[in-house]
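Student:
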Amino acid sequence: MGTTIYNYNEKVVPRPDSLEYQKKLVSTMKKARREHSKAKMLYQVLHDVQAVYQGVDSYLEILMNSELKLDQCDWDMMCHEVRSKSSLVGEMVDCAIELAQYGDLGQVPRHDEVLVNMFCQDMFYTCERYLNNPNVQMCVETSLADDFVIRTHLGYLRKLFKNLIVSAMQFTHEGYIKLSVMPDDSGKYLVFRLSNTGVGIPENMKDVLFERLPNDGNLCNTIVGVRLRISYALTQKIGGTMFLDQQRKDCTSIVFSIKI
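Residue numbers (the working numbering): 11 to 270.
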């Protein structure tokens with residue numbers, strides 16, 4: 011009678027027609043799509059950064075011209091332009107690196123207890139310096155008691171709120187910026203709605219707001235696009251969802267929910 015030897019060190023490869031193989035294939039394809047999307051986004055960011063640097067170089071060429079004679083007004087204008095463009099480059103690179111860090115899905119532990127009403131007010135106050143017009147009305151509307159607490163990841167929640175609020179402030183020159191919060195019908199999620207009467211979202215970007223960056227050559231718009239993608243990724247990481255309310259015609263309204 012022969013002896014059968016089972017080698018448990020050999021790796022068992024799933025058959026191509028097996029359910030395990032199909033699940034692994036789908037997972038691999040999703041990961042490849044995420045990596046491709048991230049690489050494409052980083053390429054666009056760096057391309058835009060390069061364009062800005064080329065603009066700064068043109069100023070440097072002017073400054074190096076020995077025959078150039080600038081009055082104080084022109085000099086101040088040029089210094090302002092170089093400073094603002096350099097600042098945009100730095101912010102763009104920081105945002106791109108941040109998105110690459112948070113872009114991979116997967117929820118994080120939620121160990122921090124947060125007083126919701128106080129947190130919302132604090133975030134408005136913290137971001138107030140980004141407001142373009144001090145006459146813009148800012149308010150928080152809440153149906154929660156002041157001692158209402160959620161358990162979440164505080165660091166990610168701060169980044170999420172800052173990205174959304176700063177983007178709203180930079181593009182709202184009149185009217186209002188309003189943050190409203192209430193529990194959903196199930197009592198398992200908090201629903202936040204950030205509305206503003208700013209310049210609005212271009213029609214061609216509304217359906218892909220959290221998926222694709224604007225390609226209009228405007229670095230400020232690209233930065234906002236990156237911020238929104240970061241916010242979308244962070245919302246998923248703390249167990250929530252985000253979407254643009256396209257039914258609202260009187261304002262731009264982004265809705266997101268997080269687990270209580």
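For every residue, glycine included, the Cβ atom is placed at its ideal position computed from N, Cα and C.
Every value quoted in this text rests on a predicted model; they were computed, and no experiment measured them.
Would you list, in sequence order, the uninterrupted beta strand (DSSP E) runs of no fewer than 3 residues that lie entirely inside the stretch 242-270?
Tutor: Fully enclosed beta strand (DSSP E) runs of 3 or longer: 251-254 and 262-269.
Student: Taking the straight line between their C-alpha atoms, what separation do you get for Leu52 and Lys216?
Tutor: Per the coordinates, the alpha-carbon of Leu52 lies some 21 Å from the alpha-carbon of Lys216.
Student: Under the three-state reduction of DSSP, which class applies to Ile72: helix, strand or coil?
Tutor: helix
Student: If you drop the 5 nearest sequence neighbours on each side, which residues of the same chain put their C-beta closer than 8 Å to that of Arg168?
Tutor: Met133
Student: Determine the contact status of Ser205 and Lys188, defining contact as a CB-CB distance below 7 Å.
Tutor: yes
Student: Thinking C-alpha only, which one of Arg43, Gln60, Pro193 and Cys130 is nearest Lys269?
Tutor: Pro193
Student: I need the straight-line Cα distance from Gln32 to Thr262, nearest angstrom please.
Tutor: 41 Å
Student: Where does the unbroken alpha helix (DSSP H) through Gln131 begin, and where does it stop?
Tutor: Its alpha helix (DSSP H) spans residues Val126 to Cys137.
Student: Just list the residues that DSSP pairs Leu238 with in beta bridges.
Tutor: According to DSSP, which records beta bridges pairwise, Leu238 is partnered with nothing at all.
Student: Restricting to Cα atoms, I'd like to know which of Val201, Asn127, Glu108 and Asn142 is closest to Cys149.
Tutor: Asn127
Student: Taking Lys79 as part of the alpha helix (DSSP H), name the residues at either end of that continuous run.
Tutor: Careful: Lys79 lies outside any alpha helix (DSSP H) and carries neither H nor E.
Student: Looking at the strands, I want to know which residues DSSP matches up with Phe202.
Tutor: Under DSSP, Phe202 shares a beta bridge with Val191 and Phe266.
Student: Measuring CB to CB, does Ile248 end up less than 7 Å from Thr136?
Tutor: no
Student: Using a 10 Å radius around the Cβ and a threshold of 16 neighbouring Cβ atoms, would you call Ala155 buried or exposed?
Tutor: Counting Cβ neighbours within 10 Å, Ala155 comes out exposed, since fewer than 16 surround it.
Student: According to DSSP, is Ile175 helix, strand or coil?
Tutor: helix
Student: Considering only C-alpha positions, which residue in the set Phe202, Leu164, Pro144 and Tyr199 is nearest to Thr182?
Tutor: Pro144
Student: Taking Cβ positions, are Tyr186 and Gln147 nearer each other than 7 Å?
Tutor: Yes. Within cutoff.
Student: Can you list, in chain order, the residues of its chain whose CB lies under 6 Å from that of Phe202, leaving out five sequence neighbours each side?
Tutor: Val191 and Phe266
Student: Can you tell me whether DSSP reads Thr232 as helix, strand or coil?
Tutor: helix
Student: With burial defined as no fewer than 16 other Cβ atoms inside 10 Å of the residue's Cβ, what is the status of Cys130: buried or exposed?
Tutor: buried
Student: Let me make sure I understand the geometry here. Which of Cys230, Ala106, Pro212 and Gln117 has the alpha-carbon closest to that of Lys50?
Tutor: Ala106
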